[in-house]
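Data first, discussion second: the structure below is written as structure tokens.
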Amino acid sequence: MRSALRTQEAMFNCRHSSGGDSGCSYARHVWLLVSNWTQGVIKVPKINEADIEEWWKRSLGAVTAKERRSTAAILMFSAWNIRKERNRRVFEGESLCPYQVFSMIQNVYIITSLFVVKIENI
Numbered sequence: 004m005r006s007a008l009r010t011q012e013a014m015f016n017c018r019h020s021s022g023g024d025s026g027c028s029y030a031r032h033v034w035l036l037v038s039n040w041t042q043g044v045i046k047v048p049k050i051n052e053a054d055i056e057e058w059w060k061r062s063l064g065a066v067t068a069k070e071r072r073s074t075a076a077i078l079m080f081s082a083w084n085i086r087k088e089r090n091r092r093v094f095e096g097e098s099l100c101p102y103q104v105f106s107m108i109q110n111v112y113i114i115t116s117l118f119v120v121k122i123e124n125i
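Numbers in this note's numbering are just positions in the sequence shown, counted from 1, shifted up by 3.
Quick look at the structure:
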């Protein structure tokens, strides 16, 4: 349970990795970049967001069934890369700027999408 709460904090506001509670900072910056990239389909989590599962469901509920798979993929890649960045900062003492993490999210999504299209056409 404690681990799940820490993961939730890291994906929403990175309090543990930013060195202070600035109300959002790093993770929210990445989520804002993702939101802009998806033209607002994926909303930036609210600062007082209490439950990642509810936010996730709301994000997927706002799209058509056809768009749900790609939206879920972007949510997963974003959360995963934000968490990886937190771990990089904590365990390796290194860091990337939000734009670099966002670029990684885009790259993974694009590569995965191309792979899926190729598989579906076989």
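We put the beta carbon where it would ideally sit given N, CA and C, even for glycine.
Source: prediction; values computed, not measured.
Next item on the list: Following the continuous alpha helix (DSSP H) through residue 39, name the residue where it begins and the one where it ends.
Entry: 28–40
- Message: So, for residue 63: in the same chain, excluding its five sequence neighbours on each side, which residues have a beta-carbon less than 8 Å away from its beta-carbon?
- Response: 71, 74, 75, 78
**Prompt:** Can you tell me whether residue 89 is buried or exposed, with buried defined as 16 or more other CB within 10 angstroms of its CB?
**Reply:** buried
* Would you mind sorting residue 114 into buried or exposed? The rule is 16 or more other CB atoms within 10 Å of its CB. => exposed
Q | Backbone secondary structure at residue 59 - three-state DSSP | A | Collapsing the DSSP output to three states places residue 59 in a helix.
- prompt: Going by Cα to Cα distance, which pick from 85, 53, 97 is closest to residue 36?
  reply: 85
Option in 108, 107, 102 with minimal Cα separation from residue 29
Comparing Cα positions, the closest option is 102.
- Task: In angstroms with no decimal places, state the Cα-to-Cα distance between residue 38 and residue 81.
- Result: Between the alpha carbons of residue 38 and residue 81 lies a distance of about 11 Å.
Short check: CB of residue 31 to CB of residue 47, under 8 Å? yes
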